[in-house]
Amino acid sequence: MNATAPAAVRAGASADAILGVLPKEVFSPSTVEEAAAVLEEKARASASVGFVGGGTALGLGRPPRRLDAVLRTEHLTRIVEHAPSDQIIVVEAGITLADLQRAVGAHGQRLALDPPLPERRTIGGLLATNGFGPLRTRYGSLRDLIIGVSLVRADGVSAKGGGKVVKNVAGFDLPKMMVGSLGTLGLVATVTFRLHPLPESDVTLVARARTARGVRELASAMRGAQLEPAAVAALLQGQRFDVAIRFEGFPAGVAEQRDRLRQLVGQPPGSDCDVLSEAEARAVWELHDALRTAGPLRAKLAFLPAALDALAEGPLAKLMDALGEPSFVLYPTLGLGFVAGLPKDAALVAQAVESVRGSLAGTGGSLVLEEAPDDVRVHADPWGPPPASFALMRELKDRLDPEGRLNPGRFVGGI
Amino acid sequence: MSVSNAPAVTISRDVVARMSALVGAKNCISNPSDLRTYECDGLTSFRVMPGLVVLPASTAEVVAVVKLAWENGLALVPRGAGTGLSGGALPVPGCVVVALTRMKRILEVDLENGFLRVQPGVANLDVSKHLGPAGTYYAPDPSSQSVCTIGGNVSENSGGAHCLKYGFTSNHVLGARVVLADGTVVDLGGPALDSPGYDLTGIFVGSEGMLGIVTEVVLRMLRKPQATRTFFATFPSTDEAGNAVSSIIASGVVPAAIEMMDGLAMRAAVAATGVDWPDVGASLLMDVDGPLAEVEHTSRHSVELAREAGALEVRIPKDENERALMWKGRKSAFAAVGRISPNYIVQDGVIPRSTIAEVLHEVAELSKKAGLRVANVFHAGDGNLHPLVLYDARVPGQEKAAEELGGAILRLCLRLGGSITGEHGVGAEKVAYMGEMFTEADLETMQRVRCAFDPERRLNPGKVFPTPRLCGDLPGPYVPHPSELSGEATRG
């Protein structure tokens, strides 16, 4: 019998609802051991459990089929280990990204991950939803930064995979398995990341008023010229995109890439490819963050980069027409984008969503609703059709959570 | 050391005939003298005769072979070029080895979207060679890359010298077509990112042939960097070399590759390839790559730091040929020790990078006690140590002493918070150490993942996990199945 002190528990209140479903109890364990004890207790009671970190991304997925308890990670905020000379950090899942960055920043390092709302988003929540920002251009996503994970299974048993070193192929890749799994395979308890050095210098440029095709061509041209921007994001402003491009690194390298980009774009200074001051750069990346968190409908698109033009002119234009004050943030080198706005008519928006999905289906692209008002959810499934490998996903879920008690029904295909 | 004493299990003549009909008689190997070629991979001390070897040419043939094996209760062992160093392709008695080497076509190259689709038998280096004219390449570069196959790389999550900056196979595989143990074909992932659902591709890469047989792989291609700068520095000992690495990393440089060799490894390379290296305590071979001005700064700065740390000499190659020769010297190191020792064991431990000096001293102590020499090659950027334990199998007891020394080194890695394998895989070789790196619960969780893909454990049984459970088992303490107690069935 577990001798751990019981985690703080209170009755569920309306603020604890996940997509309108209220839990009976809310637990806020102070340690990973307490969290495991909660899950063990819930396993004995055959109760269903949801997990909440910063609570900023709970709109993702479908409402839970059942929700007896919510486990909050708000007290699981420790830095378990930070080895600056080995460039790794181990943190509890409830720590916010901003707190993590402050801790490693003091040693001249960072986690190369820059999603919006770092002060509120927790590491566990980011992992569960595969959160990312413009740095993904150069550094990849969470799956490329994570080197270890410890989790608590549905049965309350703790397990780990990966390790504390960057190079490690022992055992199956549980860290990657947990990325994007939305709390359906277990509670993420601690995460180990590889860190990168903070760049000595950076510069942001903006190439203004590009069409979708122009954005794609600019991304291609940069690649052709062997430029290596750390971040590229195109922000829709009216009918055209402003493309923000940031170079980072040692000052000589940053300056040279800045100059080569301006030559590439072929514009004299002061025209539509501007080098931004520090304040202007800050403003544009803040605008990016604001657009990334716009709503009340927000859709994440994934597509092959070369398909951008046709997508933008066709089904995507239809979707944007169905939204009031539409916004579009696009990562052209990745083939990822976020469309947001106020649905004018729920059924029309749903139709437009389906038509985008239809056009993406052939090439493996997808559209996922991160946020949507209830009336749109009636007409459009947030995930879209389950992928070809869904039967295997179902098997994986059944093996790790045989009673289907962790976030049941929220995930792809009703998992 | 493991040479199976189990009686060779023969596969029925009928099944052999049917397999032969599926892949063609010359692609179905059943006679014992030909089967010998497949009784081991690059870990030649572990040998087990397979029941049969087939070489299919397409996904459809793989499916047919797998289904026939499934119907007849036969285990399957997938195999690429057979260069693996952990016995991942080691047969089990009575198994069908499925060699993917005939499937070596590059199926699709999409330069605009930055991916290509290849069959598993394509050699790693051939991918980059194919992409070269377009100014792109495939990043993971294990030392055996001229021979090892993409399918093998996927199974082992192969690395190479450039992992610190560019990651491993898993960071460059976007998707795969896999054939499961019962013959079902599933497409995992794909060229577009973030497909909704679980990252099955991420789970599959590095699963050592236990989750499925891959018949197509979607790979990410990268734009070649504008410039690469290399330098080779010699040091009085591994202490100074280790300090040089630490200060370079601490200065904010992310090297593309940084390799350390100790004196013994260097002497071996000189003996084998005639490369013009002096007799010193240690050396570093380092690449930085990226945009030109960035690289010129970081290489200059790194050379300064190497000198400050006590470099005896720094050599900068004057052209691509000289650079290639420097790297050839490094890449020849494993094979080179074969010139200075009748036998050797390669280990593949990982340690936190900052502990390298301490570890090498301890390895020196351990090797002195064992009365054996150890040459060290170290991926200094990411902490992956390759101690080459040298011995002479003709001397009684030396082979055992070498194995024990290898094990002691792995335990040292674990004690310091590292890993038992950085890139070679667990395979058959390191099964015994999994229980020292992971708890029962960790291993049981991984086994559940395996059960989701291959509940009957037909694929590469006996690898990686020390005490596999039957997949129908309920979680809880291990209870042997009645057929195990009666001796009819065996674990793995």
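Protein chains in written order, with our numbering: chain G, 2 to 416; chain A, 155 to 646.
Cβ coordinates follow ideal geometry from the N, Cα and C atoms, glycine included.
Source: prediction; values computed, not measured.
Inset, instruction - Would you please verify whether the beta carbon of residue 356/G is less than 9 angstroms from any beta carbon of chain A? - result: Taking the first sequence and counting its residues from 1, one reaches residue 356/G at position 355. Closer than 9 angstroms: no.
Inset, instruction - Could you name the residues of the region 148-166 of chain G whose beta carbon sits closer than 7 angstroms to any beta carbon of chain A, in the order they occur along the chain? - result: 154, 156, 158, 159, 160, 161, 162, 164, 165 and 166
Legend entry - For residue 71/G and residue 11/G, the rounded distance between their alpha carbons: Locating residue 11/G in the first sequence gives position 10, where the first residue counts as 1. Locating residue 71/G in the first sequence gives position 70, where the first residue counts as 1. Between residue 11/G and residue 71/G, the C-alpha separation is close to 10 angstroms.
Inset, instruction - May I ask you to list, following chain order, the residues of the region 237-253 of chain G that have a beta carbon less than 7 angstroms from some beta carbon of chain A? - result: 250, 251 and 253
Legend entry - Separation of residue 450/A from residue 254/G, as counted between CA atoms: One-based indexing of the first sequence puts residue 254/G at position 253. One-based indexing of the second sequence puts residue 450/A at position 296. Spanning the two alpha carbons is a distance of roughly 8 angstroms.
Inset, instruction - Go ahead and pull the three-state DSSP assignment for residue 589/A. - result: Position 435 of the second sequence, counting from 1, holds the residue named residue 589/A. If DSSP states are grouped into helix, strand and coil, residue 589/A belongs with the helices.
Inset, instruction - Within 10 angstroms of the Cβ of residue 325/G, are there 16 or more other Cβ atoms? Answer buried if so, exposed if not. - result: One-based indexing of the first sequence puts residue 325/G at position 324. Its Cβ having fewer than 16 others within 10 Å, residue 325/G is exposed.
Legend entry - Cutoff 9 angstroms: residue 530/A Cβ touching any chain G Cβ: Here residue 530/A corresponds to residue number 376 of the second sequence, with the count starting at 1. For residue 530/A, the answer is no, since every Cβ of chain G falls outside 9 angstroms of its Cβ.
Legend entry - Within-9 angstroms CB hit, residue 286/G to chain A: As a working note, residue 286/G is residue 285 in the first sequence. Cβ-Cβ to chain A under 9 angstroms: no for residue 286/G.
Inset, instruction - Starting from residue 324/G, follow the beta strand (DSSP E) in both directions and report where the run begins and ends. - result: Position 323 of the first sequence, counted from the first residue, corresponds to residue 324/G. Counting along the chain, the beta strand (DSSP E) containing residue 324/G begins and ends at 324-332.
Inset, instruction - Kindly confirm or deny that the region 205-221 of chain A and the region 585-592 of chain A touch, where touching means at least three C-beta pairs closer than 8 angstroms. - result: no
Legend entry - C-beta neighbour in chain A for residue 177/G, strict 9 angstroms: Numbered from 1 along the first sequence, position 176 holds the residue referred to as residue 177/G. So, interface residue.
Legend entry - residue 564/A CB to nearest heavy atom of the ligand HEM below 8 angstroms: Questions concerning the ligand HEM fall outside what the structure shown contains, since it holds no ligand whatsoever.
Legend entry - Start-to-end residues for the alpha helix (DSSP H) that takes in residue 552/A: Position 398 of the second sequence holds residue 552/A. Counting along the chain, the alpha helix (DSSP H) containing residue 552/A begins and ends at 552-569.
Inset, instruction - Could you say if the region 251-264 of chain A and the region 309-327 of chain A meet the contact criterion of at least three C-beta pairs nearer than 8 angstroms? - result: no
Inset, instruction - Specify, as a first and last residue, the run of the alpha helix (DSSP H) that residue 402/A falls within. - result: Reading the second sequence from its first residue, position 248 is the one you call residue 402/A. Unbroken alpha helix (DSSP H) run through residue 402/A: 392-404.
Inset, instruction - Determine which residues of the region 554-581 of chain A have a Cβ less than 7 angstroms from any Cβ of chain G, and write them out in chain order. - result: 571, 572, 573, 574, 575, 576, 577, 579 and 580
Inset, instruction - Report yes or no: do the region 333-350 of chain G and the region 255-264 of chain G share at least 3 C-beta pairs separated by less than 8 angstroms? - result: no
Inset, instruction - Note down, in chain order, every chain G residue with its Cβ under 7 angstroms from the Cβ of residue 452/A. - result: Residue 452/A sits at position 298 when you count from the first residue of the second sequence. Here the neighbours are 251.
Inset, instruction - Label residue 171/A either buried or exposed according to how many other C-beta atoms from any shown protein chain fall within 10 Å of its C-beta, with 16 as the threshold for buried. - result: Taking the second sequence and counting its residues from 1, one reaches residue 171/A at position 17. Exposed, by the Cβ-count rule.
Legend entry - Residue environment, residue 379/G, which counts as buried when at least 16 other CB atoms sit within 10 Å: The sequence position of residue 379/G within the first sequence is 378, counting from 1. Residue 379/G comes out exposed.
Legend entry - Cβ shell of residue 614/A (< 6 angstroms), same chain only, five flanking positions each side left out: Locating residue 614/A in the second sequence gives position 460, where the first residue counts as 1. For residue 614/A, where only same-chain residues beyond five positions count, the Cβ hits under 6 angstroms are 231, 363 and 364.
Legend entry - Proximity to residue 165/G [Cα-Cα], best of 78/G, 221/G and 82/G: Taking the first residue of the first sequence as position 1, residue 165/G is located at position 164. If we check each option's Cα against that of residue 165/G, 82/G comes out closest.
Inset, instruction - Label residue 40/G either buried or exposed according to how many other C-beta atoms from any shown protein chain fall within 10 Å of its C-beta, with 16 as the threshold for buried. - result: Within the first sequence, numbered from 1, the residue matching residue 40/G stands at position 39. Buried.
Inset, instruction - Let me know the alpha helix (DSSP H) ranges lying completely inside the region 242-286 of chain G, each 4 residues or longer, listed in chain order. - result: 252-266
Inset, instruction - Mind reading off the beta-carbon distance from residue 459/A to residue 402/A? Whole number of angstroms is fine, and I expect it under 8 angstroms. - result: For the purposes of this step, residue 459/A is taken as residue 305 along the second sequence, with counting starting at 1. For the purposes of this step, residue 402/A is taken as residue 248 along the second sequence, with counting starting at 1. That belief holds up - the Cβ atoms of residue 459/A and residue 402/A are roughly 5 angstroms apart, short of 8 angstroms.
Inset, instruction - Kindly indicate which three-state DSSP category residue 614/A falls into: helix, strand or coil? - result: By 1-based counting over the second sequence, the position of residue 614/A is 460. Correct three-state label for residue 614/A: coil.
Inset, instruction - List the residues of chain G that residue 377/A touches, going by C-beta distances under 7 angstroms, in chain order. - result: The residue labelled residue 377/A in the question sits at position 223 within the second sequence. Here the neighbours are 224 and 227.
Inset, instruction - Starting from the beta carbon of residue 413/A, find every residue of chain G whose beta carbon is closer than 7 angstroms, and list them in chain order. - result: Taking the first residue of the second sequence as 1, we reach residue 413/A at position 259. Those do not exist, as residue 413/A stays about 13 angstroms from chain G at its closest Cβ, beyond 7 angstroms.
Legend entry - DSSP state of residue 378/A mapped onto helix, strand, coil: In the second sequence, the residue the question calls residue 378/A occupies position 224. Note: residue 378/A maps to coil in three-state DSSP.
Legend entry - Chain-order list of residues whose beta-carbon lies under 6 angstroms from that of residue 331/A (same chain, five-residue window excluded): Here the question's residue 331/A lines up with position 177 in the second sequence. Excluding positions up to five away in sequence, the list reads 341, 369 and 370.
Inset, instruction - Flag residue 297/A as yes if its beta-carbon sits less than 9 angstroms from any beta-carbon of chain G, otherwise no. - result: Here residue 297/A refers to the residue found at position 143 of the second sequence. It does not: the Cβ of residue 297/A has no partner Cβ on chain G nearer than 9 angstroms.
Inset, instruction - Run the CB neighbour count on residue 240/G, radius 10 Å, all protein chains shown included, and call it buried at 16 or more, exposed below. - result: If you number the first sequence from 1, residue 240/G lands on position 239. Classification for residue 240/G: exposed.
Inset, instruction - Tell me the start and end of each unbroken beta strand (DSSP E) in the region 443-502 of chain A that is at least 3 residues and wholly inside, in chain order. - result: 467-469 and 497-500
Inset, instruction - Quick one: measure Cβ to Cβ for residue 441/A and residue 410/A, integer angstroms, because I've assumed they're closer than 8 angstroms. - result: The sequence position of residue 441/A within the second sequence is 287, counting from 1. The sequence position of residue 410/A within the second sequence is 256, counting from 1. Sure, about 4 angstroms apart at Cβ, within 8 angstroms.
Inset, instruction - Within the same chain, show all residues whose beta-carbon is closer than 7 angstroms to that of residue 271/G, passing over the 5 residues directly before and after it, in chain order. - result: Taking the first residue of the first sequence as position 1, residue 271/G is located at position 270. Unreliable placement is indicated for residue 271/G, whose pLDDT of 47 sits below 50; the coordinate value is still reported in the next sentence. Within the same chain, residue 271/G has no close Cβ partners at all.
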